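Which chain is which? The protein sequence lines are A and B, in order.
Numbering follows the numbering used here, with no gaps: position 228 of the first sequence is 228.
Every position in the second sequence, counted from 1, becomes a number in the numbering used here once 317 is added.
Report on one structure; see the data block that follows.
2 protein chains.
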Amino acid sequence: MEPDHAGVVQASERIRTHVHQTPVLTSTLLDERSGAQLFFKCENLQRAGAFKTRGATNAVRSLVQDTAQRGVATHSSGNHGAALALAARERGIPAHVVMPHTAPAIKHAAVAAYGAEIVSCGPTLADREAALQNVLEQTGATFIPPYDHAHVIAGQGTAALELCRAVSDLDQVITPVGGGGLLSGTALAVSAIMPGAETYGAEPAGADDACRSLQLGSIQPMDAPDTIADGLRSTLGRLPFAIMRRRVADILTVTDREIIDAMHLLWTRMKIVVEPSAAVPLAAVLGTDRFRDRRVGIILSGGNVDPQALPSGMSDA
Amino acid sequence: MEPDHAGVVQASERIRTHVHQTPVLTSTLLDERSGAQLFFKCENLQRAGAFKTRGATNAVRSLVQDTAQRGVATHSSGNHGAALALAARERGIPAHVVMPHTAPAIKHAAVAAYGAEIVSCGPTLADREAALQNVLEQTGATFIPPYDHAHVIAGQGTAALELCRAVSDLDQVITPVGGGGLLSGTALAVSAIMPGAETYGAEPAGADDACRSLQLGSIQPMDAPDTIADGLRSTLGRLPFAIMRRRVADILTVTDREIIDAMHLLWTRMKIVVEPSAAVPLAAVLGTDRFRDRRVGIILSGGNVDPQALPSGMSDA
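In structure tokens:
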């Protein structure tokens, strides 16, 4: 099933009481700096610290009761694991999260805090898939992938839906792109509600598979990502790619240096904690004239980063 | 003139288009941790990064045009200086900010960025007062003090006014207390709109002059403050003290260790940047049973802190 705009609206109704309607913030200084009017949709302030809670909650709430009771499972060393754990706890069903034993302790702690069972595995993709397969067979749980899933994509699109309802006449909306769930969900919402507006993706130059995939017309695997933006190292998903081909205006790339500078601006000027991935769209907006004099919506994707372990060189920008 | 509740409502109308109506955030995790229902009014997301913009804007907008044209002046090494500079720029009048030459470069930069004239002086209070007096005589500017001023107090109270309008049935509201402008303005707003609710102040144990002043019934000077919360080292003002005696339930004190732990929770769990002073009320709520099972409003006062210079030991709390 390919998701569509109606799916985003349904998702919005379905998850409404389980997620935060996050604020939209503005900054005179960042408007001056960019030459645009920027509207920041703060998914870093979302429950579990990222937009992922929307997609996971929509997927978990879409399961029929019999299926749901057997639980849900995924593999993730990042925000999707914590989001799924939270969504499952809220519905009162088990969650199993396969994580490499090499993942940072802070990631384990986030998933464990929401009461999920953590299944440790080796560091390779094959290790993860084998461990997940084993969990699914033993428990009968339903696999909820991080982005290549209609209900997940529709859920991620609800952030843009809220943004478009809160701010009129946006010219452009821009999100980070890793697996493509957020970008494709956003494109579905924006193209239906604000047909005149364009949707952009932004990604690190060291993980530019989305850019190359759109240019070449087929999914290009992300073999050796090299970027500080740990949330954007995945290869694009099949469903997101299909939507992006039709509804995304362009993908912009930025350097890690630009990401760190944008992150510093968001921390010091807007007083919000964002992870590197979340700073990528602002970095893109500051790096081109394409957004000048426009009304631009930016989805700030998440805030899960250790303030004691900031990237070195996050100095005055 | 002593400020009253009507002054807060007037201030709210007067500054409405010049300040952010900041969001009220909640956190399931901090509710669980505190045993209370907490509503955070995010003045760290206010323009210029602190509630001070409210009071300064109200004071500047209250001046008649002839007086305003001659400019405004203050002495401040903190948020009030930047707030006054911003408020003056918005009205198109000059601002003069007297700052000790020992103040951090980042504070100078904030004031200068808003176009104020910075007047350097020596580090003592006598130096500052002499420099200010000199500015006032030379320019005819109006002195806008940081807290001991009716329009400033009324302006600071507008944050609580918005909070009480946004969240029904609060049992308690708590703010940090330094000079007392925010706490007294808050008490005026809360006692009028939610007469059943109590207003509390919270301050560092190493700068507990407000606590001692209320106990002894007269203002106790803060001679040698010793706390990380740099915004709360001032001695209580005369006008704030008069209001607090009648309308504040109690002042709670917390250690610097508790402040740092609360600051860490706000950064990592709520994903917002707060300065140490802003974490003081949450530290107080976590340190007592007095707020258990209540609906508690917390004014997060500001977010002006350098993420690269976090207090050491802001470790996992």
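All C-beta atoms in this analysis are idealised placements derived from N, C-alpha and C, irrespective of residue type, glycine included.
This one's a predicted model, so the numbers in the text were calculated from it and none came from an experiment.
Verify the CB distance criterion: does B/G366 have a CB-CB separation below 8 Å to chain A?
Mapped onto the second sequence, residue 366 of chain B falls at position 49. With its beta carbon less than 8 Å from one in chain A, B/G366 belongs to the interface.
Extent of the continuous beta strand (DSSP E) to which A/V173 belongs:
The residue you call residue 173 of chain A lines up with position 173 of the first sequence. Counting along the chain, the beta strand (DSSP E) containing A/V173 begins and ends at 172–176.
Using CA coordinates, which residue listed in A/I144, A/V285, A/D31, A/T268 is at the minimum distance from A/L63?
Here residue 63 of chain A is taken as the residue at index 63 of the first sequence, counted from 1. Of A/I144, A/V285, A/D31, A/T268, the residue nearest in Cα terms is A/I144.
Is B/F608 helix, strand or coil by DSSP?
As a working note, residue 608 of chain B is residue 291 in the second sequence. Reduced to three states, the DSSP call for B/F608 is coil.
Closest by CA to A/V9, which one among A/I260, A/T22, A/A160, A/G35?
Taking the first residue of the first sequence as position 1, residue 9 of chain A is located at position 9. It is A/A160 whose Cα lies nearest to the Cα of A/V9.
Counting beta carbon pairs with one atom in the stretch 263–280 of chain A and one in the stretch 584–597 of chain B, are three or more of them shorter than 8 Å?
Result yes; three or more Cβ-Cβ pairs closer than 8 Å.
Report back the beta-carbon spacing between A/W267 and B/P624 to the nearest angstrom; my notes put them in contact at under 8 Å.
Locating residue 267 of chain A in the first sequence gives position 267, counting from the first residue. Locating residue 624 of chain B in the second sequence gives position 307, counting from the first residue. Contact flag correct, Cβ pair sits at about 5 Å.
Burial state of A/D316 (16 or more Cβ within 10 Å):
Here residue 316 of chain A refers to the residue found at position 316 when the first sequence is read from its first residue. With a pLDDT of only 48 at A/D316, under 50, the local geometry of the prediction cannot be trusted, and no value is derived from it.
Quick check: what's the CA-CA separation for B/P521 versus A/V19?
As a first step, residue 521 of chain B is located in the second sequence; it is residue number 204 there, counting from the start. As a first step, residue 19 of chain A is located in the first sequence; it is residue number 19 there, counting from the start. For B/P521 and A/V19, the distance between alpha carbons rounds to 35 Å.
Residue range of the alpha helix (DSSP H) that B/M539 falls in?
For the purposes of this step, residue 539 of chain B is taken as residue 222 along the second sequence, with counting starting at 1. Here B/M539 belongs to no alpha helix (DSSP H), and DSSP marks it neither H nor E.
DSSP state of B/G635 mapped onto helix, strand, coil
As shown, chain B starts at 318 and ends at 634. That puts residue 635 of chain B outside it, with no answer to give.
CB contact below 8 Å: A/V273 versus chain B:
The residue labelled residue 273 of chain A in the question sits at position 273 within the first sequence. Yes, contact with chain B.
DSSP on A/D316, reduced to helix/strand/coil?
Stepping through the first sequence from its first residue, residue 316 of chain A is reached at position 316. In this prediction, A/D316 scores a pLDDT of 48, lower than 50, which makes its location untrustworthy; no coordinate-derived value is stated.
Quick test of your reading: A/A197 and A/A11, contact by CB under 8 Å. State the CB separation rounded to the nearest angstrom.
Taking the first sequence and counting its residues from 1, one reaches residue 197 of chain A at position 197. Taking the first sequence and counting its residues from 1, one reaches residue 11 of chain A at position 11. Going by Cβ atoms, the distance from A/A197 to A/A11 rounds to 20 Å, so no, they are not a contact pair.
Which complete alpha helix (DSSP H) runs does the stretch 334–392 of chain B hold, if anything under 4 residues is left out?
345–351, 369–379, 382–386
Label A/P195 either buried or exposed according to how many other C-beta atoms from any shown protein chain fall within 10 Å of its C-beta, with 16 as the threshold for buried.
To locate residue 195 of chain A, count along the first sequence from 1; it is residue 195. Result: exposed.
Rounded to whole angstroms, how far is the Cβ of B/I539 from the Cβ of B/S551, which I believe are closer than 8 Å?
The residue you call residue 539 of chain B lines up with position 222 of the second sequence. The residue you call residue 551 of chain B lines up with position 234 of the second sequence. In the sequence as presented, Ile is not what sits at residue 539 of chain B; that position holds Met. Right, the Cβ-Cβ distance comes to about 7 Å (below 8 Å), so this counts as a contact.
For B/F460, which residues does DSSP report across the bridge?
By one-based count along the second sequence, residue 460 of chain B stands at place 143. Beta-bridge pairing links B/F460 to B/A390.
Could you spell out the range, first to last residue, of the alpha helix (DSSP H) harbouring A/D261?
In the first sequence, residue 261 of chain A corresponds to position 261, counting from 1. Start and end: 256–270.
The beta strand (DSSP E) that contains B/A546, what's its start and end?
The residue given as residue 546 of chain B occupies position 229 in the second sequence. No beta strand (DSSP E) contains B/A546, which DSSP labels as neither H nor E.
For the candidate residues B/S594, B/G619, B/L582, B/G496, whose alpha-carbon lies nearest to that of B/L603?
As a first step, residue 603 of chain B must be located in the second sequence, where it is residue number 286. Per the Cα distances, B/L582.
Using a Cβ-Cβ distance under 8 Å, would A/L84 count as near chain B?
On the first sequence, position 84 is the one that residue 84 of chain A refers to. No, A/L84 does not count as interfacial toward chain B.
What number of angstroms, rounded off, separates the C-alpha of B/C481 from the C-alpha of B/T456?
Along the second sequence, read from residue 1 onward, the residue named residue 481 of chain B stands at position 164. Along the second sequence, read from residue 1 onward, the residue named residue 456 of chain B stands at position 139. Each residue's Cα considered, the two are about 40 Å apart.
Using a Cβ-Cβ cut-off of 8 Å (strictly less than) and excluding sequence neighbours within five positions of B/H418, which residues of its own chain qualify?
For the purposes of this step, residue 418 of chain B is taken as residue 101 along the second sequence, with counting starting at 1. Around B/H418: S437, C438, G439, P440.
Going by CA-CA distance only, name the one from A/P281, A/T288, A/G217 that's closest to A/A202.
The count along the first sequence starts at 1 and reaches residue 202 of chain A at position 202. Ranking A/P281, A/T288, A/G217 by Cα distance to A/A202 puts A/P281 first.
So with CB distances below 9 Å, who are the chain B contacts of A/L45?
For this step, residue 45 of chain A is matched to residue 45 along the first sequence. Near A/L45 (Cβ distances below 9 Å), the residues of chain B are P340, L342, M587, K588, I589.
Under the three-state DSSP convention, the category B/L533 falls into
Here the question's residue 533 of chain B lines up with position 216 in the second sequence. DSSP places B/L533 in helix when its eight states are reduced to three.
Contact with chain A by B/L277, beta-carbon distance below 8 Å
This structure cannot settle anything about residue 277 of chain B, because the visible part of chain B is limited to 318 through 634.
Quick check: the Cα distance between A/L38 and A/T186, rounded to an integer number of angstroms?
Here residue 38 of chain A refers to the residue found at position 38 of the first sequence. Here residue 186 of chain A refers to the residue found at position 186 of the first sequence. Those two C-alpha atoms are separated by around 17 Å.
Considering only residues of the same chain and omitting the five flanking positions on each side of B/R408, which have a CB-CB separation below 6 Å?
In the second sequence, residue 408 of chain B corresponds to position 91, counting from 1. The beta carbon of B/R408 sits closer than 6 Å to those of V377, all from its chain and outside the five residues before and after it, given in chain order.
Would A/R247 pass as a contact of A/L188 if the rule is Cβ separation under 8 Å?
Taking the first sequence and counting its residues from 1, one reaches residue 247 of chain A at position 247. Taking the first sequence and counting its residues from 1, one reaches residue 188 of chain A at position 188. Contact: yes.
Since I believe B/G548 is in contact with B/G495 (beta carbons under 8 Å), could you give me their beta-carbon distance rounded to a whole number of angstroms?
Translated into positions along the second sequence, residue 495 of chain B becomes position 178. Translated into positions along the second sequence, residue 548 of chain B becomes position 231. Cβ-Cβ separation between B/G495 and B/G548: approximately 6 Å, consistent with a contact (criterion under 8 Å).
Out of curiosity, what's the CA-to-CA distance linking B/Q338 and B/A390?
Here residue 338 of chain B refers to the residue found at position 21 of the second sequence. Here residue 390 of chain B refers to the residue found at position 73 of the second sequence. In a straight line, the C-alpha of B/Q338 is about 26 Å away from that of B/A390.
Contact criterion: CB-CB distance below 8 Å. Does A/L265 meet it with respect to chain B?
Reading the first sequence from its first residue, position 265 is the one you call residue 265 of chain A. It does not; no Cβ of chain B falls within 8 Å.
In the structure shown, what three-state DSSP assignment does A/I243 receive?
As a working note, residue 243 of chain A is residue 243 in the first sequence. A/I243: helix per DSSP, three-state reduction.
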